[in-house]
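Visitor:
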Amino acid sequence: MRMILSMFRKDLKIYLLSPLAYTIVGAFLLIVGYLYINSLAYYILQVSRWGGYGFNATKFLFYPLFQNVLFLLIFLVPVLTMRTFPEEEASGTFELLLTSPITEFQIVMGKFLASYFIYLITLAILLYIPITLRKAGELDIGLLISGYVGMLLAGAAFFAAGVFAASLTRRQATASMVSFALLLLLWFINWAASNLGTDYPVLGGILWRLAIFNRVRAFSEGVIDLRNVIFFVSLTVIFLYLSVMSLASRRWK
Amino acid sequence: MVEVQEVGKEFHGRWVLRDVSFTVKEGEILGFLGPNGAGKTTTMRIITGYLPPSVGRVKVAGYDVTENPLEVKKRIGYLPESPPIYRELTVKEYLKFVMEIKDVPRRERKERLSEVIEYCGLKDVYGRLVGNLSRGYRQRVALAQALISNPDLLILDEPTSGLDAVQIAEVRSLIRSLKGKHTVILSTHILPEVTATCDRVIIISNGKIVAEDTLEGLEARLRPSKKVEIKVARYRDKVCEEISKLPSVISVVPSRNDAILVEYPQSLDLREDIARVIVNLGAGLLELKPVSMTLEEVFLQLVTEEEAGKA
Ligand SMILES: Nc1ncnc2c1ncn2[C@@H]1O[C@H](COP(=O)(O)OP(=O)(O)OP(=O)(O)O)[C@@H](O)[C@H]1O
Ligand SMILES: [Mg+2]
Numbered sequence: 001m002r003m004i005l006s007m008f009r010k011d012l013k014i015y016l017l018s019p020l021a022y023t024i025v026g027a028f029l030l031i032v033g034y035l036y037i038n039s040l041a042y043y044i045l046q047v048s049r050w051g052g053y054g055f056n057a058t059k060f061l062f063y064p065l066f067q068n069v070l071f072l073l074i075f076l077v078p079v080l081t082m083r084t085f086p087e088e089e090a091s092g093t094f095e096l097l098l099t100s101p102i103t104e105f106q107i108v109m110g111k112f113l114a115s116y117f118i119y120l121i122t123l124a125i126l127l128y129i130p131i132t133l134r135k136a137g138e139l140d141i142g143l144l145i146s147g148y149v150g151m152l153l154a155g156a157a158f159f160a161a162g163v164f165a166a167s168l169t170r171r172q173a174t175a176s177m178v179s180f181a182l183l184l185l186l187w188f189i190n191w192a193a194s195n196l197g198t199d200y201p202v203l204g205g206i207l208w209r210l211a212i213f214n215r216v217r218a219f220s221e222g223v224i225d226l227r228n229v230i231f232f233v234s235l236t237v238i239f240l241y242l243s244v245m246s247l248a249s250r251r252w253k
Numbered sequence: 001m002v003e004v005q006e007v008g009k010e011f012h013g014r015w016v017l018r019d020v021s022f023t024v025k026e027g028e029i030l031g032f033l034g035p036n037g038a039g040k041t042t043t044m045r046i047i048t049g050y051l052p053p054s055v056g057r058v059k060v061a062g063y064d065v066t067e068n069p070l071e072v073k074k075r076i077g078y079l080p081e082s083p084p085i086y087r088e089l090t091v092k093e094y095l096k097f098v099m100e101i102k103d104v105p106r107r108e109r110k111e112r113l114s115e116v117i118e119y120c121g122l123k124d125v126y127g128r129l130v131g132n133l134s135r136g137y138r139q140r141v142a143l144a145q146a147l148i149s150n151p152d153l154l155i156l157d158e159p160t161s162g163l164d165a166v167q168i169a170e171v172r173s174l175i176r177s178l179k180g181k182h183t184v185i186l187s188t189h190i191l192p193e194v195t196a197t198c199d200r201v202i203i204i205s206n207g208k209i210v211a212e213d214t215l216e217g218l219e220a221r222l223r224p225s226k227k228v229e230i231k232v233a234r235y236r237d238k239v240c241e242e243i244s245k246l247p248s249v250i251s252v253v254p255s256r257n258d259a260i261l262v263e264y265p266q267s268l269d270l271r272e273d274i275a276r277v278i279v280n281l282g283a284g285l286l287e288l289k290p291v292s293m294t295l296e297e298v299f300l301q302l303v304t305e306e307e308a309g310k311a
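Protein chains in written order, with the working numbering: chain B, 1 to 253; chain V, 1 to 311.
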């Protein structure tokens, strides 16, 4: 645990010193903010035209917000995780780490938690939206909590996938491409499932279970389904485990 | 302290180390000498556990590196060939991080830090970013990193590369001062380094050990012939010609400063005969002294013998 913490602190320090992290998180927040303002304007238009009765304002505003955040992680995750292992490789510090009494598991956990922590900071900043809206009226707190739980859990799985992608290669550019492709794949399993499902019901069924789109949507709509929680936690664990394996095996190459 | 048993290493079907075996006793300083590409770095990486051997076993302090890597890693300080550096951290932050992952007990950290800063001459750059340091200072930071956990075994891959003359002298005396307290394995392709610091040398060439001995032993063992240096007042060419006619003389070479180098078998002493030739010629003998072979020559001889043997 102490080792994980040391690794975590070191990586976090380097993130907080790097212009790249600020740039990408800044761009992410700008885009999310812009999309939110758009739906807010649309909402105001709707209410002024038809009145606000029988209409879940929280859902109207936050469902797209949660979905946007999760979708935009396709861009945020590769940039934040691509440096994890390739950077150690480039600076020769892998040799230091792997000859010190710190295990591959501890290295992976420290790096994962550091990149995930940057995401947590980003989510914390996004809290300005519900906080400012509270002044305007009653919000559906249950839906907010469920949406945030979804962003936390799915985000963890995505960041673990990014860390895994970075563990496969010695080059940052390759790492970012691989994690981008991996995340894209996770999102579009859904599409494959519905297309293949008609011809190959068994394969379609399996893919349907792997698809993240519906699970993410459930959270954004206010449903915390235990199966979805277990799904994302398992996905995180699997990717982290694969990263440890990939680190341990790279010396045999 | 270290036992290397019949280690071999293969990269993509090419064997870069073959049947390497040696041991290092506690408190000893062992020099690993060899030309570029000989396999020094690879051997050191195998001892640290960074690379697995393809065949053979390595034990450090009784622990097998492959079976018990953590116990081995706790006991070593390693200076890799290229200094491992986090450019974004200050020297202080960097060394603190290293102490954490080396599991240096919390209460010893302050003392270790100031000791190593002192030892490696890092006082002036303590608060600066490692990425902004010169090559020589980065090397010192890397050396500090290896020393900071006060390890039983120090593995130093070309510890003086990138340093200036004064720093080289400092680092060598630093290494000598470790003698007895730590076991040290260092690699180099610079011979004076070995003469200046080591108790014992292993010469490696093309992935094989070609010689292993103490410094004196190596020089003596590998001197099948003796050399004497002569200086004469006159008739240098004539003297050369006459001496080469003597029985058992191996070679006669005019060398710098008007001297002549004469080589003959170790078992004989031709000095008297040589002197007689010169006196008979009336060439005016100014000087006649034995030349001891430098380690440089021993090294070259060994490595070329090895090549010749293979061909
Ligand atoms: N990862 C690797 N993959 C393939 N070949 C390698 C690898 N590492 C080293 N080699 C090869 O192994 C041989 C020995 O290399 P090594 O770095 O051990 O030599 P060295 O004695 O340290 O040389 P130098 O004095 O230049 O540092 C070289 O021929 C090198 O090309
Ligand atoms: Mg080397």
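Beta carbons are placed, not taken as given, at the ideal position from N, Cα and C, and that holds for glycine. Just so it is clear, the structure is predicted and the values come from calculations on it, not from any experiment.
(1) Within 10 Å of its beta-carbon, does His182/V have 16 or more other beta-carbons around it, so buried, or fewer, so exposed?
(2) Okay, do the segment 206-217 of chain B and the segment 130-141 of chain B touch, 3+ Cβ pairs below 8 Å being the bar?
(3) Looking only at DSSP bridge pairs, what is Glu229/V linked to?
(4) With 16 other CB atoms within 10 Å as the buried threshold, where does Pro69/V fall?
(5) So, for Ala211/B: in the same chain, excluding its five sequence neighbours on each side, which residues have a beta-carbon less than 7 Å away from its beta-carbon?
(6) Just to be sure I understand the criterion: a residue counts if its Cβ is closer than 7 Å to at least one heavy atom of ligand 2. Which residues meet that?
(7) Can you tell which of Leu207/B, Tyr119/B and Leu143/B has its C-alpha closest to the C-alpha of Pro78/B?
(8) Can you find a C-beta in chain V that's less than 9 Å from the C-beta of Thr122/B?
(9) Quick one, which residues of the segment 129-157 of chain V are near chain B if we go by CB-CB under 8 Å, in chain order?
(10) Judging by CA-CA distance, which residue of Glu81/V, Leu89/V, Ser161/V and Leu270/V is the nearest neighbour of Lys10/B?
(11) Using a beta-carbon distance below 9 Å, is Met82/B in contact with chain V?
(12) Between the segment 41-55 of chain V and the segment 90-109 of chain V, do three or more beta carbon pairs fall short of 8 Å?
(13) Is Lys9/V helix, strand or coil when you go by DSSP?
(14) Using alpha carbons as the reference points, say which of Asn132/V, Leu79/V and Pro254/V lies closest to Val171/V.
(15) 9 Å is my cut-off, CB to CB: does Leu17/V come that close to chain B?
(16) Check for me: the beta strand (DSSP E) holding Leu30/V runs from which residue to which?
(17) Can Arg171/B be considered in contact with ligand 1, in the sense that its beta carbon sits closer than 8 Å to one or more heavy atoms?
(18) Report all residues from its chain with a CB closer than 7 Å to the CB of Tyr235/V; omit the five preceding and five following residues, and keep chain order.
(19) Using a threshold of 8 Å, is the CB atom of Asn36/V nearer than that to any non-hydrogen atom of ligand 1?
(20) Who are the Cβ neighbours of Lys59/V in its own chain at under 6 Å, not counting the five residues just before and after it?
(21) Which partner residues does Gly77/V have in the DSSP bridge list?
(22) Checking contacts by CB at 9 Å: is Gly162/B closer than that to chain V?
(23) Count the other CB atoms within 10 Å of the CB of Tyr36/B; is the residue buried (16 or more) or exposed (fewer)?
(24) For Arg87/V, return the contacting residues in chain B, with the cut-off set at a CB-CB distance below 7 Å.
(25) For the segment 64-90 of chain V, which residues have a CB atom closer than 8 Å to at least one CB atom of chain B, in sequence order?
(26) Do Pro86/B and Thr174/B have their C-beta atoms closer together than 9 Å?
(27) Listed in chain order, which residues of the segment 99-126 of chain V have Cβ atoms closer than 8 Å to some Cβ of chain B?
(28) What in chain V is Cβ-close to Pro101/B, meaning under 8 Å?
(29) Could you spell out the range, first to last residue, of the beta strand (DSSP E) harbouring Leu163/V?
(30) Counting contacts by CB-CB distance shorter than 9 Å, is Arg45/V in contact with chain B?
(31) Taking the alpha carbon of Ala142/V as the reference point, which residue from Val91/V, Asn257/V, Leu33/V and Val24/V has its own alpha carbon closest?
(32) Quick check on Phe97/V - is its C-beta less than 9 Å from some C-beta in chain B?
(33) Given that Tyr50/V touches chain B, what residues does it touch there, using C-beta distances under 8 Å?
(34) Whole angstroms is fine: what's the gap from Ala311/V's alpha carbon to Val201/V's?
(35) Does the distance from the C-beta atom of Ala259/V to that of Ile230/V stay below 9 Å?
(36) Would you say Arg14/V touches ligand 1, meaning its beta carbon is less than 8 Å from a heavy atom?
Guide: Quick look at the numbers:
(1) So His182/V counts as buried.
(2) Contact between the segment 206-217 of chain B and the segment 130-141 of chain B is absent, because fewer than three Cβ pairs lie under 8 Å.
(3) Note: Glu229/V sits in a beta bridge opposite Leu261/V and Lys289/V.
(4) Buried, since its Cβ has 16 or more Cβ neighbours within 10 Å.
(5) Closer than 7 Å at Cβ, skipping near neighbours: Ile189, Asn190 and Ala193.
(6) Any residue whose Cβ sits closer than 7 Å to a heavy atom of ligand 2 makes the list: Lys40/V, Thr41/V, Glu81/V, Asp157/V, Glu158/V and Ser187/V.
(7) Comparing alpha carbon positions, the residue from Leu207/B, Tyr119/B and Leu143/B closest to Pro78/B is Tyr119/B.
(8) Chain V contact via Cβ: absent.
(9) Those residues of the segment 129-157 of chain V placed with their C-beta closer than 8 Å to a C-beta in chain B are Gln145, ordered along the chain.
(10) Among Glu81/V, Leu89/V, Ser161/V and Leu270/V, the Cα nearest to that of Lys10/B is on Leu89/V.
(11) Met82/B does not count as touching chain V.
(12) Two segments are said to touch when three or more pairs of C-beta atoms, one from each, lie closer than 8 Å; by this definition the segment 41-55 of chain V does not touch the segment 90-109 of chain V.
(13) If DSSP states are grouped into helix, strand and coil, Lys9/V belongs with the strands.
(14) The candidate whose alpha carbon is nearest that of Val171/V is Leu79/V.
(15) For Leu17/V, the answer is no, since every Cβ of chain B falls outside 9 Å of its Cβ.
(16) Leu30/V: member of the beta strand (DSSP E) spanning Ile29 to Leu33, first to last residue.
(17) Taking the Cβ of Arg171/B as the reference point, every heavy atom of ligand 1 lies at 8 Å or farther away.
(18) Closer than 7 Å at Cβ, skipping near neighbours: Leu281 and Ala283.
(19) Asn36/V Cβ: within cutoff of ligand 1.
(20) So the qualifying residues of the chain are Glu3.
(21) Partner(s): Leu154/V.
(22) Proximity of Gly162/B to chain V, defined by a Cβ-Cβ separation below 9 Å, is not satisfied.
(23) The residue is buried, with at least 16 neighbouring Cβ atoms inside 10 Å.
(24) Simply Ser91.
(25) For the segment 64-90 of chain V, which is checked against every Cβ of chain B, the residues closer than 8 Å are Leu70, Lys73, Lys74, Ile76, Tyr78, Pro80, Ser82, Pro83, Pro84, Ile85, Tyr86, Arg87, Glu88 and Leu89.
(26) Yes; because the gap between Cβ atoms is below 9 Å, this pair is in contact.
(27) For chain B, the residues of the segment 99-126 of chain V that bring a beta carbon within less than 8 Å of one of its beta carbons are Glu100, Ile101, Lys102 and Asp103, in chain order.
(28) Per Cβ cutoff of 8 Å: Leu70, Lys73, Lys74, Ile101, Lys102 and Asp103.
(29) Run containing Leu163/V: none; DSSP gives neither H nor E here.
(30) So, interface residue.
(31) Of the candidates Val91/V, Asn257/V, Leu33/V and Val24/V, the one whose C-alpha sits nearest the C-alpha of Ala142/V is Val91/V.
(32) Closer than 9 Å to some Cβ of chain B, the Cβ of Phe97/V qualifies, so yes.
(33) Within chain B, the residues near Tyr50/V are Glu95, Leu98, Thr99 and Arg251.
(34) The predicted model places Ala311/V with a pLDDT of 43, which falls under 50 and marks its position as unreliable; any figure quoted below should be read in that light. Going from the Cα of Ala311/V to the Cα of Val201/V covers about 26 Å.
(35) Here Ala259/V is near Ile230/V, since their CB atoms are less than 9 Å apart.
(36) Correct: Arg14/V has its Cβ closer than 8 Å to ligand 1.
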